[in-house]
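One gets our numbering by counting positions in the sequence shown from 1 and adding 18 to each.
All C-beta atoms in this analysis are idealised placements derived from N, C-alpha and C, irrespective of residue type, glycine included.
What you are looking at is a predicted structure, and each value in this text was computed from that prediction instead of being measured.
Below is one structure, written out as structure tokens, with a few remarks after it.
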Amino acid sequence: MDNLLNIDRLNKTQVEDIIYLASSLKKDFPHSTKDSPLKGKNVIFLFLESSTRTKTSFNFACSILGANVIDISPKSSSMTKGETFENTIKTISSYPADALVLRSNENNDINIAKNILDFPVINAGSGTKSHPTQALTDLMTLIEKGVSIEKLKISIVGDIEHSRVARSLIELLNLFGSIINICSPKYFKPTDLKNISHFEDLNQVLKNVDVLMTLRIQRERIEKYKINFNEYSDKYMITEKILNEFNVSYLMHPGPVNEGIEIDRGLQDSSKSLILEQVKNGTWIRCAVLINILLNGKL
Ligand code: CP
């Protein structure tokens with residue numbers, strides 16, 4: 019039995035294999051999944067935070083592969099009556115499930131679930147620390163564009179401090195030796211990412227860069243900062259003019275996008291934007307992860 023809790027669980031070969039499988043499934047669809055390889059498998063979804071992309075693509079992946087989804091809605095679950103997360107997971111452990119797909123705002127919930135359950139746990143985004151399937155999706159998107167990941171120069175701009183996407187992507191790209199810079203105002207400078215160059219000035223990280231990833235301002239996590247969003251976007255909002263001026267090849271964003279804050283209105287539709295490609299590839303990465311864990315028993 020295998021879980022997918024964090025990127026540090028994977029080595030380079032495993033990452034390459036997951037992306038190869040995801041790309042093959044995508045390329046040969048619907049032929050690639052016509053035998054419903056996960057028919058008869060039961061996957062529980064527990065999404066304790068909102069999600070469009072991750073939840074829908076796990077749902078599509080299960081549907082395409084023939085697995086049943088048992089979706090526990092937090093709003094109509096007994097958590098609203100005060101049942102703790104730990105007791106909810108103990109309750110889930112009583113069912114004949116083949117996997118739990120979990121999203122939570124608490125960093126450690128994924129480990130609590132793993133320690134209680136005797137079936138696999140797949141991280142669909144935990145707290146501010148880890149979002150492994152998003153990082154794999156982003157890497158697949160770059161590889162698909164012919165980007166050499168070993169030679170990649172990428173800058174990540176925005177709320178790095180609260181970004182599980184940034185942390186997982188940095189861990190993943192470090193396996194391949196990419197050059198990564200991060201850029202944010204002081205209040206979003208991460209305290210835990212020591213070996214990475216941080217800049218406050220956007221112009222500094224845009225020099226000589228192939229790919230720019232900008233991050234969502236996560237209003238739900240930053241109330242205490244009392245941020246002036248106009249000031250933030252004056253300094254950090256990405257525009258078409260910026261992409262062209264600095265010769266950036268591709269713009270990425272994990273979504274959801276705050277247009278007019280971290281990226282300009284309409285920029286999602288720019289020819290340099292990979293944002294909808296990232297969404298598209300999410301389904302195939304989640305298919306590959308589910309097949310490896312549920313069918314092959316390992317990543
Ligand atoms: N990127 C991402 O996790 O998006 P959702 O919150 O919509 O799933």
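Within the DSSP secondary-structure output, residue 232 pairs in a beta bridge with 175.
It is roughly 14 Å from the alpha-carbon of residue 260 to the alpha-carbon of residue 286. At a Cβ-Cβ threshold of 9 Å, residue 251 and residue 279 count as neighbours. Assignment of residue 89 by DSSP, reduced to helix, strand and coil, places it in the strand class. Note that the C-beta distance between residue 136 and residue 19 is below 9 Å. With 7 Å as the limit between CB and the heavy atoms of ligand 1, the residues that fall short of it are 68, 69, 70, 71, 72, 73, 143, 149, 152, 183, 272, 273, 274. When secondary structure is reduced to three states using DSSP, residue 97 falls in the helix class. About 17 Å separates the CB atoms of residue 312 and residue 28; that is not less than 8 Å, and the two are not in contact. DSSP places residue 192 in the uninterrupted alpha helix (DSSP H) bounded by 182-192. Distances from the CA of residue 146 to each of 209, 226, 299, 108 were compared; the closest alpha carbon is that of 209. According to the DSSP assignment, residue 62 belongs to the beta strand (DSSP E) that extends over 60-65. Put simply, of 65, 67, 78, 68 the residue whose alpha carbon is nearest the alpha carbon of residue 54 is 78. In its chain, beyond the 5 residues on either side, 175, 201, 253, 254 have a beta carbon closer than 7 Å to the beta carbon of residue 220.
Beta-bridge analysis with DSSP links residue 197 to 171. Pairwise C-beta distances place the stretch 227-246 in contact with the stretch 152-171, as three or more of them are shorter than 8 Å. With respect to residue 299, residue 159 sits close: the two C-beta atoms are nearer than 9 Å. Out of 275, 161, 218, the CA that lies nearest to the CA of residue 196 is found in 161.
By the CB criterion at 9 Å, residue 36 and residue 306 fall inside the cutoff.
For residue 71, the secondary structure class from DSSP, reduced to helix, strand or coil, is helix.
The residues 183, 272, in chain order, have a CB closer than 6 Å to that of residue 152 in the same chain once the five nearest residues on each side in sequence are set aside. For residue 214, same chain residues with a beta-carbon under 7 Å away, outside a window of 5 residues either side, are 188, 198, 200 in chain order. Look at the beta carbons and you see the stretch 261-270 not touching the stretch 235-246: under three pairs across the two are nearer than 8 Å. For residue 143, the uninterrupted beta strand (DSSP E) segment begins and ends at 139-144. Beta-carbon to beta-carbon, residue 148 and residue 185 are separated by about 7 Å, close enough to satisfy the 8 Å threshold.
For residue 217, there is no enclosing alpha helix (DSSP H); the residue is part of the beta strand (DSSP E) that begins and ends at 215-217. With contacts defined as CB atoms closer than 9 Å, residue 45 and residue 84 fail to qualify as a contacting pair. Between residue 180 and the set 133, 139, 234, the nearest pair of CA atoms involves 234. Excluding the 5 residues flanking it on each side, residue 203 has same chain C-beta neighbours closer than 8 Å at 218, 250, 253, 254, in chain order.
In its chain, beyond the 5 residues on either side, 243 have a beta carbon closer than 7 Å to the beta carbon of residue 205. The three-state secondary structure of residue 118, taken from DSSP, is strand.
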